[in-house]
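Participant: One structure, as structure tokens, below. Some questions next.
Chains as they are written, first to last, in this note's numbering: chain A, 2 to 252; chain B, 18 to 129.
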């Protein structure tokens, strides 16, 4: 068993089975060629530590967007050596990137939002890779973001399944907190990305990630400029109310 | 489609500048050659609550711009996600558009 905190979760709730059991169950149901771990180069290294104890030759892939921090590239190589595993680096389509950069420059996400860039550098390569797998394992946790509060331990992956091809997604760390992750890393001498020591809680692409303060949520370290941009698109309530007022009384 | 009408509503900020997202959508309409499908362009001007776009937003309960109003016969459908509009109305989404729509519909994916 990996850590005491994981065991406690098992005893407390069936829904919070320990991560080791979730991964072991996934490996029993999906053979080595059918399932892979997604590794972002951050604290989801915990998944690799747990999984390699069960299946030493586990498939691992990382999305190499071309814009990762140098520290992350070095960390990926360190993990490759430390666990003696193969890590497939998934790269975006060169023509897609060239088209985007030619049209909009290298930093279009600061102006137009990160979605187009992420779609090219992450989503398309991920979709391509998952088309050849039946299941994948992620380090998604419910405490990471408001977009993840409902992450289950296991789910049919509606985003990447097709009519002909079902994809299952396992999220063994769904019920873990950031504190659980770091307790595991420290308790098991797991290598970690040195950017965490520089204040990074969430580590993604270099231009889109920044350190956060001690009491800030980790999501604040990503795409921080977009909140203001989003407000710009609002049809301001005071104006809308003003129109309603005119509508009721003036006409 | 003969009885279909598409209205594009874009926003002008209090500064008189178009909002960034509206500008991006206009660029995409141009790049995709989609302008011929747009029947009307309406402005929601922050400086003028009586501008047609602001009135339309109130009438339709829309709180963000840009948006598209697709009128087919007596049926009105509002699209606030540009790529959904491109895919469902113009039937012109390419692989990157579809990936971006996938991200829009699954917001946590960008943290992978």
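All residues carry an ideal CB built from backbone N, CA and C; glycine is no exception. Quick caveat, the model's predicted, so the values are computed rather than measured.
Using a C-beta cutoff of 8 Å, does residue 228 of chain A count as contacting chain C?
Facilitator: The structure shown contains no chain C; the protein chains it does contain are A and B.
Participant: Give me the chain B residues within the contact set of residue 97 of chain A, using Cβ-Cβ distance strictly less than 8 Å, ordered along the chain.
Facilitator: Those are 113, listed as they occur along chain B.
Participant: If you draw a straight line from the alpha carbon of residue 41 of chain A to that of residue 70 of chain A, how long is it in whole angstroms?
Facilitator: About 11 Å.
Participant: Give, in chain order, every residue of the segment 109-133 of chain A whose Cβ lies closer than 7 Å to some Cβ of chain B.
Facilitator: Cβ contacts with chain B come from 112, 113, 115, 116, 117, 119, 120, 121, 123, 124, 125, 127 and 128.
Participant: Roughly how many angstroms separate the alpha carbons of residue 113 of chain B and residue 97 of chain A, rounded to a whole number?
Facilitator: Approximately 8 Å between the Cα atoms of the pair.
Participant: For chain A, find out if any of its Cβ atoms is closer than 8 Å to the Cβ of residue 92 of chain B; answer yes or no.
Facilitator: Answer no: the Cβ-Cβ gap between residue 92 of chain B and chain A never drops below 8 Å.
Participant: From this set, A:191, A:25, A:63 and A:86, which residue's C-alpha is nearest residue 124 of chain A's C-alpha?
Facilitator: The candidate whose alpha carbon is nearest that of residue 124 of chain A is A:63.
Participant: For a test of the three-state rule: what should DSSP assign to residue 1 of chain A, helix, strand or coil?
Facilitator: Since the first and last residues shown for chain A are 2 and 252, residue 1 of chain A lies out of range.
Participant: Threshold first: 4 residues or longer. Then list the alpha helix (DSSP H) segments lying entirely within the segment 94-129 of chain A, N to C.
Facilitator: Whole alpha helix (DSSP H) segments, 4+ residues: 95-105, 110-113 and 116-119.
Participant: By the criterion of Cβ-Cβ separation under 9 Å, what are the contact partners of residue 82 of chain B in chain A?
Facilitator: Result: 234, 235 and 236.
Participant: Here's the rule: buried if 16 or more other CB atoms are within 10 angstroms of the residue's CB, otherwise exposed. What is residue 92 of chain A?
Facilitator: Exposed, because fewer than 16 other Cβ atoms sit within 10 Å of the Cβ of residue 92 of chain A.
Participant: Taking all protein chains shown into account, do 16 or more other C-beta atoms lie within 10 angstroms of the C-beta of residue 52 of chain B, making it buried, or fewer, making it exposed?
Facilitator: Residue 52 of chain B comes out exposed.
Participant: Quick check on DSSP: helix, strand or coil for residue 162 of chain A?
Facilitator: Here residue 162 of chain A sits in coil by DSSP.
Participant: Would you decide whether residue 28 of chain B is buried or exposed? Buried here means 16 or more other CB atoms lie within 10 Å of its CB.
Facilitator: The residue is buried, with at least 16 neighbouring Cβ atoms inside 10 Å.
Participant: Quick one: what's residue 88 of chain B bridged to in DSSP?
Facilitator: Residue 88 of chain B pairs with B:22 and B:93.
Participant: Taking the alpha-carbon of residue 217 of chain A as reference, which of A:181, A:202 and A:153 has the nearest alpha-carbon?
Facilitator: For the residues A:181, A:202 and A:153, the minimum Cα distance to residue 217 of chain A belongs to A:202.
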